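Enquirer:
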Amino acid sequence: MNNAPTTLNLASIVTHHARLAPQKEAVVWNEMRLTYGHLEAMSNKVANALAEMGIGHGDKVALNCPNLPYFPIVYYGIMKAGAAVVPTCVLFTPREIAYQLEDSDAKAFFAFEGTDELPMGAASKAAFDEVSSCEHLVILPKEMMGPSPFPEHKTLTQLIGAQPDTFENYPTAPDDTCAILYTSGTTGKPKGAELTHLNLWSNIVTTYGIHLPMLDFTDGEQKTVLITLPLFHTTGQTVQMNTNIYGGNRVVLLPRFDPQATLETMVKEKVNFWVGVPTMYWALLKFAEETGYDISGIKENMRVCTSGGAPMPVEVMKAFQDKFGVRVLEGYGLSETSPLATFNHFEKPSKPGTVGQAIFGVEVRCVDENDVEVPRGERGEVVIRGTNVMKGYYKRPEATAEAFRNGWFHSGDIGIMDEEGYLSIVDRKKDMILRGGYNIYPRELEEVIMTHPAVSLVAIIGVPDEKMGEEVKAFLVLKEGAQLSDADFIDWCKTQFAANKYPRYVEFREALPIGNTGKISKLMLREELKKH
Numbered sequence: 340m341n342n343a344p345t346t347l348n349l350a351s352i353v354t355h356h357a358r359l360a361p362q363k364e365a366v367v368w369n370e371m372r373l374t375y376g377h378l379e380a381m382s383n384k385v386a387n388a389l390a391e392m393g394i395g396h397g398d399k400v401a402l403n404c405p406n407l408p409y410f411p412i413v414y415y416g417i418m419k420a421g422a423a424v425v426p427t428c429v430l431f432t433p434r435e436i437a438y439q440l441e442d443s444d445a446k447a448f449f450a451f452e453g454t455d456e457l458p459m460g461a462a463s464k465a466a467f468d469e470v471s472s473c474e475h476l477v478i479l480p481k482e483m484m485g486p487s488p489f490p491e492h493k494t495l496t497q498l499i500g501a502q503p504d505t506f507e508n509y510p511t512a513p514d515d516t517c518a519i520l521y522t523s524g525t526t527g528k529p530k531g532a533e534l535t536h537l538n539l540w541s542n543i544v545t546t547y548g549i550h551l552p553m554l555d556f557t558d559g560e561q562k563t564v565l566i567t568l569p570l571f572h573t574t575g576q577t578v579q580m581n582t583n584i585y586g587g588n589r590v591v592l593l594p595r596f597d598p599q600a601t602l603e604t605m606v607k608e609k610v611n612f613w614v615g616v617p618t619m620y621w622a623l624l625k626f627a628e629e630t631g632y633d634i635s636g637i638k639e640n641m642r643v644c645t646s647g648g649a650p651m652p653v654e655v656m657k658a659f660q661d662k663f664g665v666r667v668l669e670g671y672g673l674s675e676t677s678p679l680a681t682f683n684h685f686e687k688p689s690k691p692g693t694v695g696q697a698i699f700g701v702e703v704r705c706v707d708e709n710d711v712e713v714p715r716g717e718r719g720e721v722v723i724r725g726t727n728v729m730k731g732y733y734k735r736p737e738a739t740a741e742a743f744r745n746g747w748f749h750s751g752d753i754g755i756m757d758e759e760g761y762l763s764i765v766d767r768k769k770d771m772i773l774r775g776g777y778n779i780y781p782r783e784l785e786e787v788i789m790t791h792p793a794v795s796l797v798a799i800i801g802v803p804d805e806k807m808g809e810e811v812k813a814f815l816v817l818k819e820g821a822q823l824s825d826a827d828f829i830d831w832c833k834t835q836f837a838a839n840k841y842p843r844y845v846e847f848r849e850a851l852p853i854g855n856t857g858k859i860s861k862l863m864l865r866e867e868l869k870k871h
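Residue 392 in the working numbering sits at position 53 of the sequence shown, with consecutive numbering throughout.
#1: Assign VAL711 to one of two classes, buried (16 or more other C-beta atoms within 10 Å of its C-beta) or exposed (fewer than that).
#2: Going by beta carbon distance, what residues of the same chain come within less than 6 Å of ALA622, once the five residues before and after it are set aside?
#3: Do LEU668 and VAL643 have their CB atoms nearer than 8 Å?
#4: Can you list, in chain order, the residues of its chain with a C-beta nearer than 7 Å to that of PRO411? Leave out the 5 residues immediately preceding and following it.
#5: If we count the other Cβ atoms within 10 Å of its Cβ and call it buried at 16 or more, is THR847 buried or exposed?
#6: By the DSSP assignment, the alpha helix (DSSP H) with THR834 in it spans what residues?
#7: Counting beta carbon pairs with one atom in the region 551-568 and one in the region 693-706, are three or more of them shorter than 8 Å?
#8: Would you call the CB atoms of TYR547 and GLY586 closer than 8 Å?
#9: So what's VAL477 in DSSP terms, helix, strand or just coil?
#10: By DSSP, does GLN696 sit in helix, in strand, or in coil?
#11: Starting from LYS870 and walking both ways along the beta strand (DSSP E), at which residues does that stretch end?
#12: Between the region 404-424 and the region 352-369, can you find at least three pairs of beta-carbon atoms closer than 8 Å?
#13: Would you tell me roughly how many angstroms separate the C-alpha atoms of ASN855 and VAL470, rounded to the nearest one?
#14: Just to confirm, is the Cβ distance from ASP504 to ASN383 under 8 Å?
#15: Thinking GLU786 and PRO652 are a contact (beta carbons under 8 Å), I'd like their distance in whole angstroms, please.
#16: Nearest-angstrom Cα distance between LEU498 and ALA445?
#17: Can you find at least 3 beta carbon pairs, one from the region 759-775 and one from the region 608-628, that sit closer than 8 Å?
#18: Given that a residue counts as buried once 16 or more other Cβ atoms are within 10 Å of its Cβ, and exposed if not, what is LEU402?
#19: I'd like to confirm the pairing. Which residues does DSSP put opposite ARG372 in its beta bridges?
#20: Need the endpoints of the beta strand (DSSP E) that LYS812 sits in, please.
#21: Taking only the alpha-carbon atoms, compute the straight-line gap between ALA798 and PRO594 and give it to the nearest angstrom.
#22: Report all residues from its chain with a CB closer than 7 Å to the CB of ALA420; omit the five preceding and five following residues, and keep chain order.
#23: Applying the 10 Å Cβ sphere with the 16-neighbour rule, what's the burial state of LYS870?
#24: LYS833 to GLU866, Cα distance in whole Å?
#25: Evaluate THR526 with the Cβ neighbour count: other Cβ atoms within 10 Å of its Cβ, from every protein chain shown; 16 or more gives buried, anything less gives exposed.
#26: Could you have a look at THR645 and say whether DSSP puts it in helix, strand or coil?
#27: What residue range is occupied by the uninterrupted alpha helix (DSSP H) comprising TRP540?
#28: Rounded to whole angstroms, what's the CA-CA distance from MET381 to THR427? Just pull it up for me.
#29: Work out the CA separation of TRP540 and VAL424 for me, nearest whole Å.
#30: Could you please give the first and the last residue of the uninterrupted beta strand (DSSP E) stretch that includes ASN403?
#31: Nearest-angstrom Cα distance between LEU796 and LEU773?
#32: Quick check on LYS734: does DSSP put it in helix, strand or coil?
#33: Looking at C-alpha atoms only, which residue of PRO714, TYR732, GLU810 is the closest neighbour of ASP757?
#34: What are the start and end residues of the beta strand (DSSP E) that includes VAL655?
#35: Could you have a look at HIS749 and say whether DSSP puts it in helix, strand or coil?
#36: Which residues bound the alpha helix (DSSP H) around PRO803?
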């Protein structure tokens with residue numbers, strides 16, 4: 340009988356393809372073409388450098404980097420060494436970075452130098468100086484061979500230059516922590532979701548299997564994914580980077596989303612697969628329509644697009660599919676679920692307005708306040724269990740216990756499941772508006788308001804009201820050239836919604852605030868209102 344322990348290291352997805360086809364392109368950024376052989380060799384050098392620092396199994400290493408080749412090189416190098424990756428948001432202030440360094444017990448920190456517009460290096464250095472427990476700061480300079488802006492700290496090139504380019508991946512166990520992803524912290528300080536190698540491995544294998552029929556790998560050619568979502572976020576990491584490295588595909592990186600640059604890259608690199616949040620779809624559609632951009636090359640190569648992160652307005656989805664001639668499939672998940680939990684599978688018809696059915700190995704229910712499953716068609720909190728669900732919040736046993744009540748992870752999202760198991764996300768629990776004792780779900784109102792001929796984008800929030808507790812306020816971005824008054828809009832809403840639901844207040848904006856992950860930030864809108 341073989342009693343050898345089971346091992347599973349996520350970085351083996353790089354090692355495997357480096358053995359099979361080291362010459363194939365793995366990561367593309369501008370004119371840089373990083374092959375699987377190069378990615379394996381450079382991540383091995385990072386792993387050797389970490390081992391020399393005394394960093395290995397069970398340790399934590401932070402990474403602050405935009406969508407650049409540095410990210411996968413360091414990301415997989417950390418895993419190879421047996422340590423866990425702690426990605427941080429590239430827009431964070433020194434205070435926010437310091438909090439995550441300290442909370443995660445990071446021993447080392449790899450940080451991009453940044454630019455004049457986004458001085459990430461300076462913010463990272465200030466944060467590092469505050470946290471005595473973090474022992475090493477490594478700079479990722481703007482130019483691969485460039486100098487460090489902080490001479491007392493080595494660049495990545497200086498760190499790995501003399502290191503061997505071979506390394507035996509540490510035999511991590513399936514339940515070992517692979518990455519710690521911090522939640523947005525909209526209900527208090529951010530919490531670190533501990534994702535294991537098995538969590539991430541199972542999710543990328545299932546995600547790959549979901550897209551297999553759409554991308555048709557039977558021709559033996561590599562497929563190309565474009566990543567415009569930030570790699571520090573779970574969707575960019577798992578659904579795009581890890582899944583496509585696992586598949587031996589080409590991963591094309593854009594450091595920041597821009598409609599024109601995104602469309603140009605889709606054409607240039609013959610992109611087959613793209614994932615965006617709804618605001619990105621809206622921006623691409625708006626740019627293509629207003630400029631007359633030639634999208635024929637995109638329509639020729641694009642096989643499937645996926646939306647996640649926030650509910651996609653049905654009108655935006657329909658318009659994008661009609662314009663670009665590509666099927667848009669919605670999925671749903673959270674940082675705590677690695678992330679994918681449900682998806683509109685290729686084999687079955689999509690139901691616009693839903694985020695599909697549970698994926699393989701995952702169970703999803705909607706429950707009431709007593710954790711009893713509600714009847715199909717009724718609202719309830721979405722709860723999840725499966726191999727994709729985190730092992731807990733790092734160093735927070737009470738928060739973990741609360742999240743895993745009765746053996747299911749509680750998402751905090753309000754959903755409705757139909758008779759076929761298709762899930763619709765109605766709202767976040769915390770976004771629900773309580774007006775005069777009635778629950779009002781902004782998502783429901785936003786879907787309808789998006790059908791107004793003058794409205795391009797909308798966000799609904801609750802605002803304090805002495806009489807009703809909360810009132811409904813709509814923030815609107817109008818279509819180019821459209822005109823609409825407060826009174827006319829409210830009158831229209833009265834014809835669409837019950838008397839207790841329609842917005843009493845409206846504010847017109849040129850744009851809506853976008854958060855770190857590209858989604859409309861209702862938190863920012865609320866914070867703005869508090870200041871006035």
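Beta carbons are placed, not taken as given, at the ideal position from N, Cα and C, and that holds for glycine.
Remember, it's a predicted structure, so these values are computed and weren't measured experimentally.
Expert: This is what the structure gives:
#1: Against the sequence shown, residue 711 aligns to sequence position 372. Classification for VAL711: exposed.
#2: As a first step, residue 622 is located in the sequence shown; it is residue number 283 there, counting from the start. So the qualifying residues of the chain are PRO598.
#3: By 1-based counting over the sequence shown, the position of residue 668 is 329. By 1-based counting over the sequence shown, the position of residue 643 is 304. Yes, these two residues count as a Cβ contact at 8 Å.
#4: Taking the first residue of the sequence shown as 1, we reach residue 411 at position 72. These residues qualify, in order along the chain: VAL366, LEU378, MET580.
#5: Along the sequence shown, one-based indexing puts residue 847 at 508. Strictly speaking, residue 847 in this sequence is Phe, with Thr absent from that position. With fewer than 16 other Cβ atoms within 10 Å, it is exposed.
#6: Translated into the one-based positions of the sequence shown, residue 834 becomes position 495. Unbroken alpha helix (DSSP H) run through THR834: 825-835.
#7: no
#8: Against the sequence shown, residue 547 aligns to sequence position 208. Against the sequence shown, residue 586 aligns to sequence position 247. Their beta carbons are under 8 Å apart, which means TYR547 touches GLY586 by this criterion.
#9: Here residue 477 refers to the residue found at position 138 of the sequence shown. In the structure shown, VAL477 sits in a strand (DSSP, three-state: E or B).
#10: The count along the sequence shown starts at 1 and reaches residue 696 at position 357. Note: GLN696 maps to strand in three-state DSSP.
#11: Against the sequence shown, residue 870 aligns to sequence position 531. Unbroken run through LYS870 is the alpha helix (DSSP H), 861-870; no beta strand (DSSP E).
#12: yes
#13: Start at 1 with the first residue of the sequence shown, and residue 855 comes out as number 516. Start at 1 with the first residue of the sequence shown, and residue 470 comes out as number 131. Approximately 24 Å between the Cα atoms of the pair.
#14: Taking the first residue of the sequence shown as position 1, residue 504 is located at position 165. Taking the first residue of the sequence shown as position 1, residue 383 is located at position 44. Yes. Within cutoff.
#15: For the purposes of this step, residue 786 is taken as the residue at position 447 of the sequence shown. For the purposes of this step, residue 652 is taken as the residue at position 313 of the sequence shown. Right, their Cβ atoms sit about 6 Å apart.
#16: One-based indexing of the sequence shown puts residue 498 at position 159. One-based indexing of the sequence shown puts residue 445 at position 106. When rounded, the distance between both Cα atoms is 18 Å.
#17: no
#18: Mapped onto the sequence shown, residue 402 falls at position 63. With 16 or more Cβ atoms within 10 Å of its Cβ, LEU402 is classed as buried.
#19: Taking the sequence shown and counting its residues from 1, the one referred to as residue 372 is at position 33. In the DSSP output, where bridge partners are listed per residue, ARG372 has VAL367.
#20: Stepping through the sequence shown from its first residue, residue 812 is reached at position 473. LYS812 -> beta strand (DSSP E) spans 808-817.
#21: As a working mapping, residue 798 is identified with position 459 in the sequence shown. As a working mapping, residue 594 is identified with position 255 in the sequence shown. Going by the C-alpha atoms only, they are around 27 Å apart.
#22: Against the sequence shown, residue 420 aligns to sequence position 81. So the list reads ALA386, LEU389, ALA390, ILE394, GLY395, TYR509, once near-sequence residues are dropped.
#23: Translated into the one-based positions of the sequence shown, residue 870 becomes position 531. Per the 10 Å Cβ criterion, exposed.
#24: Counting from one through the sequence shown, the residue named residue 833 turns up at place 494. Counting from one through the sequence shown, the residue named residue 866 turns up at place 527. Each residue's Cα considered, the two are about 28 Å apart.
#25: The residue labelled residue 526 in the question sits at position 187 within the sequence shown. For THR526, the pLDDT reaches just 47, beneath the cut-off of 50, and the residue's location in the model is therefore unreliable, leaving the point undetermined.
#26: On the sequence shown, residue 645 is found 306 positions in, with the first residue counted as 1. If DSSP states are grouped into helix, strand and coil, THR645 belongs with the strands.
#27: Locating residue 540 in the sequence shown gives position 201, counting from the first residue. Counting along the chain, the alpha helix (DSSP H) containing TRP540 begins and ends at 536-554.
#28: One-based indexing of the sequence shown puts residue 381 at position 42. One-based indexing of the sequence shown puts residue 427 at position 88. Cα-Cα distance, rounded: 21 Å.
#29: Here residue 424 refers to the residue found at position 85 when the sequence shown is read from its first residue. Here residue 540 refers to the residue found at position 201 when the sequence shown is read from its first residue. Going by the C-alpha atoms only, they are around 15 Å apart.
#30: If you number the sequence shown from 1, residue 403 lands on position 64. It spans 399-403 - the beta strand (DSSP E) in which ASN403 sits, taken as one unbroken run.
#31: Position 457 of the sequence shown, counted from the start, is the residue given in the question as residue 796. Position 434 of the sequence shown, counted from the start, is the residue given in the question as residue 773. The alpha-carbon atoms of LEU796 and LEU773 are separated by roughly 23 Å.
#32: Numbered from its first residue, the sequence shown carries residue 734 at position 395. DSSP places LYS734 in coil when its eight states are reduced to three.
#33: Start at 1 with the first residue of the sequence shown, and residue 757 comes out as number 418. Closest option to ASP757, Cα to Cα, is PRO714.
#34: Here residue 655 refers to the residue found at position 316 of the sequence shown. Where VAL655 is concerned, there is no enclosing beta strand (DSSP E), although the alpha helix (DSSP H) it sits in stretches over 653-663.
#35: Translated into positions along the sequence shown, residue 749 becomes position 410. Strand at HIS749.
#36: Numbered from its first residue, the sequence shown carries residue 803 at position 464. Note, PRO803: premise wrong, no alpha helix (DSSP H); beta strand (DSSP E) at 794-804.
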